[in-house]
Amino acid sequence: MKNKFLTYLLYVLIGMGFFISVLALFAGIDEKYGINFLAIGILVMSICSMLLRAVKRNNSKKQREVHN
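Every letter in the sequence shown is one number past the one before it in the numbering used here, and letter 61, counting from 1, is 1504.
Structure, rendered in structure tokens:
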């Protein structure tokens, strides 16, 4: 149950990072803070996707141990 919540939380954070990146692109990168928001959004998406892959790998290992 805890891993399922963590998985959904990481999906939400990836979505928020994508939203921040798109918002920064529509606001204009050449403004004062646009490039910073774009970088923050991409950084959030990449970190959360790495964590999501680790959580999914851990879940699959646990399922294999249960079946064996």
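We treat Cβ as the ideally placed atom computed from N, Cα and C, and that holds for glycine.
Please go through the same chain and pick out, in chain order, the residues whose beta-carbon is closer than 8 Å to the beta-carbon of residue i, but skip the five residues on each side of it.
{"i": "Phe1461", "result": "Gly1484, Met1488"}
{"i": "Phe1480", "result": "Ile1463, Ser1464, Leu1466, Ala1467, Ala1470"}
Return yes when the Cβ of residue j is within less than 9 Å of the Cβ of residue i, no when it is not.
{"i": "Val1498", "j": "Leu1449", "result": "yes"}
Could you give the distance in angstroms between the alpha-carbon of residue i and the alpha-carbon of residue j?
{"i": "Ala1467", "j": "Leu1494", "result": "24 Å"}
{"i": "Asn1502", "j": "Val1465", "result": "31 Å"}
{"i": "Asn1509", "j": "Lys1475", "result": "It is worth fixing the name first, because residue 1509 is Val in this sequence and not Asn. Their Cα atoms are separated by approximately 53 Å."}
{"i": "Asn1446", "j": "Arg1507", "result": "16 Å"}
With a threshold of 6 Å on Cβ separation, who are the neighbours of residue i within its own chain once the five nearest residues in sequence on each side are excluded?
{"i": "Leu1453", "result": "Cys1491, Leu1494, Leu1495"}
{"i": "Lys1505", "result": "none"}
Of the choices the options, whose alpha-carbon is the least far from that of residue i?
{"i": "Ala1482", "options": "Ile1463, Lys1505, Val1509", "result": "Ile1463"}
{"i": "Leu1486", "options": "Arg1500, Gly1458, Lys1447, Arg1507", "result": "Gly1458"}
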